[in-house]
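Let me begin by presenting the structure, written as C-alpha cells, before commenting on it.
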Ligand SMILES: Cc1cc2nc3c(=O)[nH]c(=O)nc-3n(C[C@H](O)[C@H](O)[C@H](O)COP(=O)(O)OP(=O)(O)OC[C@H]3O[C@@H](n4cnc5c(N)ncnc54)[C@H](O)[C@@H]3O)c2cc1C
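Residue numbers (the numbering used here): 2 to 414.
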C-alpha cells in the first residue's frame with residue numbers, strides 16, 4: 002500500500018513511522034523541515050491522563066473575561082472575536098455534562114497507554130533519553146483555588162489517573178526543593194511524563210521513518226488529488242504524487258486542504274508561546290504547572306522552557322511578544338529566584354484545536370482514500386504516538402481496539 006502523509010509534525014511522523022513499520026510504502030510531504038510546526042516548541046508534557054476537555058461545565062462564564070483581559074491566560078482579541086464566534090459557540094455547546102462525559106471517554110481510549118507508545122517508538126530508535134518518567138506537578142495556592150478545577154481532576158481520576166495530594170509547601174518542596182512561591186497544595190501525577198526536547202523527538206521519529214524505508218520530502222501539498230470520487234494522491238509544485246491512501250496530518254493547516262473537497266471543519270489555532278531560559282539557575286525533575294495561569298515550567302535538555310498561554314488570532318497574524326513576556330511573570334510566582342537574563346527569543350506555535358477537544362481521526366466516508374489525523378489541540382505530543390499506532394492498525398489491520406466513531410470528521414455535519 003502506498004501512503005502519503007501530509008504534514009511532518011509529530012502526529013504525521015508517528016503515523017508514518019507506524020505505517021512504514023507495518024509494511025506500507027510511505028511518503029511524507031511537508032513544506033517545512035520535520036517537526037518545525039507546533040511540535041517544535043511545546044511544553045513537552047506527555048499527559049496520558051488528561052482526559053478532561055477544555056470546555057467544562059461553566060465555561061460560558063469565562064468568555065467575557067477572555068475578551069476583556071489581554072493578559073489573561075486565555076485571550077481573544079476583539080479584532081478576532083467575530084471570526085472565532087462560530088467556534089466559540091460550538092465550544093460552549095460541548096460543555097454540556099453528558100457531552101463532557103462522552104468526550105472524556107473517547108480521550109481516555111485514545112490516550113490510554115500514551116507513555117508506552119512513546120517508549121515503544123523511542124526504544125526502537127535508540128532515543129529513550131528523550132523522555133522522563135518522573136511525573137508532573139501542579140501547584141495551587143490553596144483549596145479554594147483548587148476547587149475551581151476540581152471537576153476536571155475528578156473526571157481524570159474517574160478515568161484512572163493517580164493523583165497524590167501534597168499538603169503545604171514543605172511537602173511540595175520535598176518533591177521539588179526549588180519551589181519558593183506561596184503554594185499550599187500540590188497535585189503530583191506520578192504516571193505522566195515529559196519530553197526533554199520535542200523538536201529532537203520529532204527529528205528522531207523522522208529518521209526512524211527513513212530507517213524503516215519511508216521517504217520524507219520537503220514539498221508543500223497544494224491540493225488533495227481526486228478522481229472518480231476518491232482521493233488518489235497529493236498535488237505539489239512538482240505535480241501529482243499518486244497514492245492508495247492519503248493521511249491528512251497538517252495540524253492547524255488541515256482545514257485548508259479539506260475545504261476544496263466540500264468538507265468544513267471548525268479548526269482554530271490556539272496560539273501558544275514559549276521562552277527558553279538556558280541558565281535559569283533552578284533545577285527541576287519534572288514539568289511544574291502553577292494553576293494561576295496554567296503555564297508549564299518544563300526542564301528541557303537545553304534549558305528551562307516556559308510554555309503556555311492561549312491566544313486566538315488565526316494562522317496569519319504576527320505573534321504578540323507580550324504573550325511570551327507574561328510567561329516570565331508565571332515563572333516568578335513559583336520561582337522568584339530564577340534568573341531570566343540570557344532569555345532566548347520567544348517562539349509561537351499553532352495548537353490545532355477543535356471545539357470539542359477531540360482530534361479528527363480515521364477515514365473520511367465521502368472520500369474513499371482519505372484519512373485524517375489532526376486537531377490534537379493541547380495534547381498533540383501526548384496523542385501523537387497512540388494516534389500513529391491506532392491509524393496504522395486501522396489502515397493495515399488488525400483492527401484497533403479503539404472505536405474511531407467519536408473522532409470522525411462527519412461529527413461536524
Ligand atoms: C505553547 C504550546 C505548548 C504545548 N504543550 C504541549 C504539551 O505539553 N503536551 C502536548 O501533548 N501537547 C502540547 N502542545 C500541543 C502540541 O504541540 C500540538 O498539538 C502538536 O504539536 C500538533 O502536532 P501536529 O503534527 O498535528 O501539528 P504540527 O506540529 O503543527 O505539524 C503540522 C505540519 O503540517 C505542515 N503543513 C501545513 N500545511 C501543509 C501543506 N499544505 N502541505 C504539507 N504540509 C503542511 C506544517 O508545515 C507542519 O510541519 C502544545 C502546543 C503549544 C503551542
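Note that CB positions come from ideal geometry on N, CA and C, so glycine has one too. These numbers were taken from a predicted model, which means no experiment stands behind them.
- prompt: Mind checking residue 43: buried by the 16 CB within 10 Å criterion, or exposed?
  reply: In the chain shown, counting from the first residue as 1, residue 43 sits at position 42. With 16 or more Cβ atoms within 10 Å of its Cβ, residue 43 is classed as buried.
field: Pick from 315, 384, 13 and 236 that is closest to residue 27, judged by C-alpha positions
entry: Residue 27 sits at position 26 when you count from the first residue of the chain shown. Nearest C-alpha to residue 27: 13.
- prompt: By the 10 Å Cβ neighbour count, where 16 or more other Cβ atoms means buried, how is residue 45 classified, buried or exposed?
  reply: In the chain shown, counting from the first residue as 1, residue 45 sits at position 44. Buried, since its Cβ has 16 or more Cβ neighbours within 10 Å.
message: Only counting the same chain, and skipping five residues up and downstream in sequence, which positions put a Cβ closer than 8 Å to that of residue 295?
response: Against the chain shown, residue 295 aligns to sequence position 294. These residues qualify, in order along the chain: 74 and 309.
query: Thinking C-alpha only, which one of 228, 321, 82 and 239 is nearest residue 219?
result: As a position in the chain shown, residue 219 is number 218, starting the count at 1. For the residues 228, 321, 82 and 239, the minimum Cα distance to residue 219 belongs to 239.
- prompt: Going along the chain, which unbroken runs of the beta strand (DSSP E) with 3 or more residues stay wholly within the region 9-39?
  reply: 26-31
field: Cβ-Cβ separation, residue 405 to residue 395 (assumed contact under 8 Å), whole Å
entry: Reading the chain shown from its first residue, position 394 is the one you call residue 395. Reading the chain shown from its first residue, position 404 is the one you call residue 405. With 8 Å as the limit, residue 395 and residue 405 qualify as a contact, their Cβ atoms being about 7 Å apart.
query: In angstroms, rounded to a whole number, what distance separates the CA positions of residue 144 and residue 189?
result: Position 143 of the chain shown, counted from the start, is the residue given in the question as residue 144. Position 188 of the chain shown, counted from the start, is the residue given in the question as residue 189. Their Cα atoms are separated by approximately 15 Å.
Anticipated Cβ contact below 8 Å, residue 268 with residue 255, distance rounded: In the chain shown, residue 268 corresponds to position 267, counting from 1. In the chain shown, residue 255 corresponds to position 254, counting from 1. Right, the Cβ-Cβ distance comes to about 6 Å (below 8 Å), so this counts as a contact.
field: Distance cut-off 8 Å: residue 308 Cβ against heavy atoms of ligand 1
entry: Walking along the chain shown from the start, residue 308 turns up at place 307. Residue 308: yes, Cβ under 8 Å from ligand 1.
- request: Report the rounded CA-to-CA distance for residue 181 versus residue 140, giving the unit in angstroms.
  value: Here the question's residue 181 lines up with position 180 in the chain shown. Here the question's residue 140 lines up with position 139 in the chain shown. The straight-line gap from Cα to Cα measures roughly 11 Å.
task: Determine the extent of the alpha helix (DSSP H) in which residue 148 is found, giving its start and end residues.
output: Taking the chain shown and counting its residues from 1, one reaches residue 148 at position 147. That run of the alpha helix (DSSP H) goes 144-159.
task: Would you mind stating whether residue 177 and residue 285 have Cβ atoms separated by less than 9 Å?
output: Taking the first residue of the chain shown as position 1, residue 177 is located at position 176. Taking the first residue of the chain shown as position 1, residue 285 is located at position 284. Yes. Within cutoff.
task: Below 6 Å CB to CB, which residues in the same chain sit around residue 276 once its five sequence neighbours on both sides are set aside?
output: Numbered from its first residue, the chain shown carries residue 276 at position 275. So the qualifying residues of the chain are 307, 325, 328, 344 and 347.
- prompt: Got a sec: does ligand 1 put a non-hydrogen atom nearer than 8 Å to the Cβ of residue 43?
  reply: Sequence index remark: in the chain shown, residue 43 carries index 42 (1-based). Result yes, Cβ under 8 Å from ligand 1.
- prompt: Is it the case that the Cβ atoms of residue 222 and residue 233 are separated by a distance below 9 Å?
  reply: Working through the chain shown from its first residue, we reach residue 222 at position 221. Working through the chain shown from its first residue, we reach residue 233 at position 232. No, Cβ-Cβ distance for residue 222 and residue 233 is not below 9 Å.
task: Confirm the yes/no value for this check: CB of residue 252, any heavy atom of ligand 1, distance under 8 Å.
output: For this step, residue 252 is matched to residue 251 along the chain shown. Residue 252: yes, Cβ under 8 Å from ligand 1.
message: Within a Cβ cutoff of 6 Å, which residues of the same chain sit near residue 313, ignoring the five residues on either side of it in sequence?
response: As a first step, residue 313 is located in the chain shown; it is residue number 312 there, counting from the start. Contacts found: 77, 81 and 85.
message: Suppose the cutoff is 6 Å on Cβ atoms and the five residues either side in sequence are ignored; what does the same chain contact list for residue 401 look like?
response: Sequence index remark: in the chain shown, residue 401 carries index 400 (1-based). Answer for residue 401: 391, 394 and 395, listed in chain order.
- prompt: Which residues mark the beginning and the end of the beta strand (DSSP E) in which residue 375 is found?
  reply: Taking the first residue of the chain shown as 1, we reach residue 375 at position 374. Start and end: 371-375.
message: Let me check understanding here. Comparing Cα to Cα, which of 349, 337, 289 and 249 lies closest to residue 274?
response: Here residue 274 refers to the residue found at position 273 when the chain shown is read from its first residue. Of the candidates 349, 337, 289 and 249, the one whose C-alpha sits nearest the C-alpha of residue 274 is 349.
message: Taking 9 Å as the threshold (C-beta atoms), are residue 354 and residue 250 in contact?
response: Start at 1 with the first residue of the chain shown, and residue 250 comes out as number 249. Start at 1 with the first residue of the chain shown, and residue 354 comes out as number 353. Not a contact, by the Cβ cut-off of 9 Å.
query: Roughly how many angstroms separate the alpha carbons of residue 107 and residue 375, rounded to a whole number?
result: If you number the chain shown from 1, residue 107 lands on position 106. If you number the chain shown from 1, residue 375 lands on position 374. When rounded, the distance between both Cα atoms is 15 Å.
- request: Given a cut-off of 9 Å, decide if residue 114 and residue 49 are closer than it, judged by their beta-carbon atoms.
  value: Residue 49 sits at position 48 when you count from the first residue of the chain shown. Residue 114 sits at position 113 when you count from the first residue of the chain shown. Yes, these two residues count as a Cβ contact at 9 Å.
message: Ignoring anything shorter than 4 residues, give me the alpha helix (DSSP H) runs that lie fully in the region 158-200, in order along the chain.
response: 170-176
task: Could you tell me whether any non-hydrogen atom of ligand 1 is closer than 8 Å to the CB of residue 33?
output: Along the chain shown, read from residue 1 onward, the residue named residue 33 stands at position 32. Because some heavy atom of ligand 1 lies under 8 Å away, the Cβ of residue 33 counts as near it: yes.
Uninterrupted alpha helix (DSSP H) stretches inside the region 193-278 (no shorter than 4 residues): 199-212 and 255-259
- prompt: Is DSSP giving residue 76 helix, strand or coil here?
  reply: Indexing the chain shown from 1 puts residue 76 at position 75. Looking at residue 76 - three-state DSSP - the assignment turns out to be strand.
message: Which residue marks the beginning of the beta strand (DSSP E) containing residue 312, and which one marks its end?
response: Mapped onto the chain shown, residue 312 falls at position 311. Counting along the chain, the beta strand (DSSP E) containing residue 312 begins and ends at 304-312.
field: Residues that residue 410 bridges to, as DSSP identifies them
entry: In the chain shown, the residue the question calls residue 410 occupies position 409. In the DSSP output, where bridge partners are listed per residue, residue 410 has none listed.
message: When you measure from the CB of residue 108 to every non-hydrogen atom of ligand 1, does any distance come out below 8 Å?
response: Counted from its first residue, the chain shown places residue 108 at position 107. False, no ligand heavy atom lies under 8 Å from that Cβ.
task: Please determine, among 186, 9, 195 and 413, the residue with the shortest C-alpha to C-alpha distance to residue 206.
output: Here residue 206 refers to the residue found at position 205 when the chain shown is read from its first residue. Measuring from the Cα of residue 206, the nearest candidate turns out to be 9.
query: If we ignore side chains and look at the alpha-carbon of each, how far apart do residue 98 and residue 58 end up?
result: Looking up residue 98 in the chain shown gives position 97. Looking up residue 58 in the chain shown gives position 57. Using only the alpha carbons, I get a separation of about 6 Å.
message: Using a 10 Å radius around the Cβ and a threshold of 16 neighbouring Cβ atoms, would you call residue 362 buried or exposed?
response: Numbered from its first residue, the chain shown carries residue 362 at position 361. Buried, by the Cβ-count rule.
message: Quick check: is any heavy atom of ligand 1 less than 8 Å from the C-beta of residue 378?
response: As a first step, residue 378 must be located in the chain shown, where it is residue number 377. Correct: residue 378 has its Cβ closer than 8 Å to ligand 1.
- prompt: What residue range is occupied by the uninterrupted alpha helix (DSSP H) comprising residue 104?
  reply: The count along the chain shown starts at 1 and reaches residue 104 at position 103. Looking at the DSSP string, the run of the alpha helix (DSSP H) that includes residue 104 is 98-112.
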